[in-house]
Amino acid sequence: MACGHEEGREYGIGQSREETMGAEGMSNTCVEFSCEYRTCKISSDFRKVDGMSWCRALCQSHSTAAILLWVNIWGCLGTITEFLCFSLFSQLGGCGILGVGIWLAVTQGNFATLSPTFPSLSAANILIVTGTFIMIIGFVGCIGAIKENKCLLLSFFIMLLIIFVLELIVVTLFFLYSDKIDKYAQQDLKKGLHLYGTEGNIGLTNAWSIIQTDFRCCGVSNYTDWFEVYNATRVPDSCCLEFSENCGLHSPGTWWKAPCYDTVKVWLQENLLAVGIFGLCTAMVQILGLTFAMTMYCQVVKADTYCA
């Protein structure tokens, strides 16, 4: 078989392709043209007869068949190009996230490690893992698009689908159990206060100092949370209205009164629109990636079946 037709009948023996197939014999789908282009381009029939000149003449004729031919070509190329661009941008995005994570890990230690229960759950580690995973997915997509490999394209689709489903589950559980999460988070953060300023916990110490300074708050629920840490003698200097060394030893009138947990929560609620837009854009990008991957996978499967 050659291009889904009997050997010797694709372009005819001693006949032109147009005479053998006619205008209606032309590929009417992207898959058929892709098959003929990839297979017949190197066949002996293509060189013996006027296959290439027929294509050139047809494209120069401005006929309906020529228009359909180019629409099919660009339909195939468009899917590959879009998917390849998506994969490349994913890789670049993953590289950027990974770079920021490594920079945080090197310069800031375990920055934003507020939870003693999950000490590895730092901003740096999250960014490093996320960036690496995105890079791997993007690499698989790029190779799959370039090689038109069904296994890699399907792997890309499955990995992206798993991430998308997990995100939906996490968001759903967060809204369903928001009250319990609030309670648990506050308890865990209060436990973390006892690690403030201790050896090996520079990330947690820096995170609390930055939060209390920037949000003008003190403690998880209020400044008395620190009394359990310092035996009711002081608070960290980052709790002071006007920062100075050992200002945390002064009277409560010189400390911030606002609770950090509620203050940060209010800030997030005020910026909920931006968070929602970011989440929606992320979901749309993932859906586009799933669509491109499955479309290209189906085209490759159909082309392989047609060319068999």
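Mapping of the sequence shown onto our numbering: position 196 corresponds to residue 1437, and the numbering continues sequentially without gaps.
All residues carry an ideal CB built from backbone N, CA and C; glycine is no exception.
Worksheet item: Per DSSP, which one or two residues make a beta bridge with Trp1496?
Response: Cys1481
Discussion item. Just to check my reading of the structure: Val1476 and Gly1489 have Cβ atoms closer than 8 Å, yes? What is that Cβ distance to the nearest angstrom?
Written reply: 5 Å
Practice prompt. From the DSSP output, in three-state form, read off Phe1416 for me.
Written response: helix
Discussion item. Going by beta-carbon coordinates alone, are Ile1338 and Ile1375 separated by less than 9 Å?
Written reply: yes
Worksheet entry | 7 Å Cβ shell around Ile1343 - same chain, five flanking residues per side excluded | Ile1369
Discussion item. Rounding to the nearest angstrom, what Cα-Cα distance links Gly1438 and Trp1496 in this structure?
Written reply: 19 Å
Discussion item. Rounding to the nearest angstrom, what Cα-Cα distance links Gln1427 and Asn1366 in this structure?
Written reply: 22 Å
Discussion item. Which residue wins for smallest C-alpha separation from Leu1509, given the options Phe1456, Leu1482, Asn1487?
Written reply: Phe1456
Practice prompt. Please report how far the alpha carbon of Lys1388 lies from the alpha carbon of Gln1332, in whole angstroms.
Written response: 17 Å
Worksheet item: Helix, strand or coil for Asn1463 per DSSP?
Response: coil
Worksheet entry | Per-residue burial, Ile1422 [other beta carbons within 10 Å of its own, 16 or more giving buried] | exposed
Worksheet item: So, helix, strand or coil for Asn1512, using DSSP?
Response: coil
Worksheet item: Any idea what DSSP makes of Gly1292, helix, strand or coil?
Response: At Gly1292, the pLDDT of 48 sits below 50, so the modelled position is not reliable and the matter cannot be decided from this model.
Worksheet item: Would a C-beta distance cut-off of 9 Å place Asn1390 and Ile1384 closer than the cut-off?
Response: yes
Worksheet item: Going along the chain, which residues of its own chain have a beta-carbon closer than 8 Å to the beta-carbon of Leu1401, five neighbours each way excluded?
Response: Ile1378, Gln1527, Gly1530, Leu1531, Ala1534
Worksheet item: Cα-Cα, which of Ser1419, Cys1539, Phe1519, Gly1334 is closest to Thr1373?
Response: Gly1334
Worksheet item: Can you round the beta-carbon distance between Ser1485 and Thr1454 to whole angstroms, since I take them to be within the 8 Å contact cut?
Response: Actually they are not in contact, since the Cβ atoms of Ser1485 and Thr1454 sit about 13 Å apart, beyond 8 Å.
Worksheet entry | Cα-Cα separation between Val1411 and Ala1524, rounded to whole angstroms | 13 Å
Worksheet item: Out of Leu1325, Gly1340, Glu1408, which has the shortest C-alpha to C-alpha gap to Phe1380?
Response: Leu1325
Worksheet item: According to the Cβ coordinates, are Cys1459 and Pro1500 closer than 9 Å?
Response: yes
Worksheet entry | Sub-9 Å separation of Gly1433 and Leu1417 beta-carbons | no
Discussion item. If you reduce the DSSP assignment to three classes, tell me which class Ala1534 lands in.
Written reply: helix
Item to complete: Could you please give the first and the last residue of the uninterrupted alpha helix (DSSP H) stretch that includes Gly1382?
Response: 1364-1388
Worksheet item: Starting from Val1470 and walking both ways along the alpha helix (DSSP H), at which residues does that stretch end?
Response: 1468-1471
Practice prompt. Can you have a look at Phe1330 and say buried or exposed, based on whether 16 or more other CB atoms are within 10 angstroms of its CB?
Written response: exposed
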